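> My questions all concern the structure below.
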Amino acid sequence: MRKVTEILPTQGHRPMELRHLRVAAYCRVSTELEEQTSSIELQERHYSQLISANPNWESAGIFAERATGLNTKERPEFRRMIAQCRKKRIDLILTKSISRFGRNTLDMLRSLRDLRGLGVEVYFEQEDTWLNEHPADRLLCPGPG
């Protein structure tokens, strides 16, 4: 009889939901309007629950702010999150949509490329898209493949 050897996947090839990861969420609204305030609170609650519901995920924090997306210099929580990524304290970032990362295309591309270079994955919930499955510029300018 032939012997069957099961080869288990390595940590790097397991689905994101099954690996032990330090997971952060980035939440941003661009105005101080009351409906925007409730939106950011809902985003924070949603991601806190999502992270805590996965036994393989460890919370690396919720980074939330009320700021325009035009300039990363005016977004201290975004910069703090990126700094945590550089210190290898975050493996995965969850965010509502690509637009939450900013409205300035060059800043956003730079940030996404930096995160990819650091080995940090980003999941854009609204678009149901993972950063490392697509070139960063393709995320911003979808077109014929």
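Residue numbers (the working numbering): 62 to 206.
The beta-carbon is built from N, C-alpha and C at its ideal position, and this holds for glycine as well.
Every value quoted in this text rests on a predicted model; they were computed, and no experiment measured them.
Report yes or no: do three or more beta-carbon pairs, one from the stretch 169-177 and one from the stretch 116-129, lie closer than 8 Å?
no
> Can you list, in chain order, the residues of its chain whose CB lies under 6 Å from that of Asn165, leaving out five sequence neighbours each side?
The count along the sequence shown starts at 1 and reaches residue 165 at position 104. Leu131.
> For a test of the three-state rule: what should DSSP assign to Glu194, helix, strand or coil?
Along the sequence shown, one-based indexing puts residue 194 at 133. Residue state, collapsed to three classes: helix.
> Just mark Asp152 as buried or exposed, buried being the case when its beta carbon has 16 or more other beta carbons within 10 Å.
Within the sequence shown, residue 152 is the residue found at index 91, counting from 1. By the 10 Å Cβ count, Asp152 comes out buried.
> Quick one, are the C-beta atoms of Arg140 and Ser91 less than 9 Å apart?
Numbered from its first residue, the sequence shown carries residue 140 at position 79. Numbered from its first residue, the sequence shown carries residue 91 at position 30. Going by C-beta atoms, Arg140 is not nearer than 9 Å to Ser91.
> According to DSSP, Gly180 sits in a beta bridge with which residue or residues?
Here residue 180 corresponds to residue number 119 of the sequence shown, with the count starting at 1. BP columns for Gly180 are empty, so no partner.
> Check each candidate in Ala114, Leu170, Ser158, Val181 and name the one with the smallest Cα separation from Thr190.
Position 129 of the sequence shown, counted from the first residue, corresponds to residue 190. Ranking the options by Cα distance to Thr190, first place goes to Ser158.
> Who are the near neighbours of Phe185 in its chain, counting only those whose CB is closer than 7 Å to its CB and skipping five residues on each side?
For the purposes of this step, residue 185 is identified with residue 124 of the sequence shown, where counting begins at 1. Taken in chain order, the residues that qualify are Thr156, Ser158, Ile159.
> Taking a contact to mean a Cβ-Cβ separation below 9 Å, would you say Ala86 touches Gln104 in this structure?
Looking up residue 86 in the sequence shown gives position 25. Looking up residue 104 in the sequence shown gives position 43. Closer than 9 Å, so yes.
> Would you tell me roughly how many angstroms separate the C-alpha atoms of Arg89 and Val181, rounded to the nearest one?
The residue you call residue 89 lines up with position 28 of the sequence shown. The residue you call residue 181 lines up with position 120 of the sequence shown. When rounded, the distance between both Cα atoms is 19 Å.
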